[in-house]
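Student: Starting off with a structure, shown below.
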Amino acid sequence: EMTGTPEKIDAFAELMRPLGLREIARTGVAALSRGTA
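Per our numbering, the very first residue in the sequence shown carries number 1; after that it's consecutive.
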């Protein structure tokens, strides 16, 4: 699991391909609500 800009994720994927990376699933933008404490 990783987070980052699309450019950073693309760069990471290209670095990992020689090590056997075959597929990436991208979820897009996600948001989580914060509780009140």
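Beta carbons: idealized from backbone N, C-alpha and C, even for Gly. Computed from a prediction, not measured in an experiment: that's the story for all the values here.
#1: Within the continuous alpha helix (DSSP H) that includes residue 6, where are the two ends?
#2: Suppose contacts are defined by Cβ-Cβ distances below 8 Å. Is residue 13 in contact with residue 24 by that definition?
#3: With C-beta atoms as the reference, is residue 16 less than 8 Å away from residue 9?
Tutor: Looking at the atomic coordinates:
#1: Reading the sequence shown from its first residue, position 6 is the one you call residue 6. For residue 6, the enclosing alpha helix (DSSP H) covers residues 6-16.
#2: In the sequence shown, the residue the question calls residue 13 occupies position 13. In the sequence shown, the residue the question calls residue 24 occupies position 24. Yes.
#3: The residue given as residue 16 occupies position 16 in the sequence shown. The residue given as residue 9 occupies position 9 in the sequence shown. Between residue 16 and residue 9, the CB-CB gap reaches or exceeds 8 Å.
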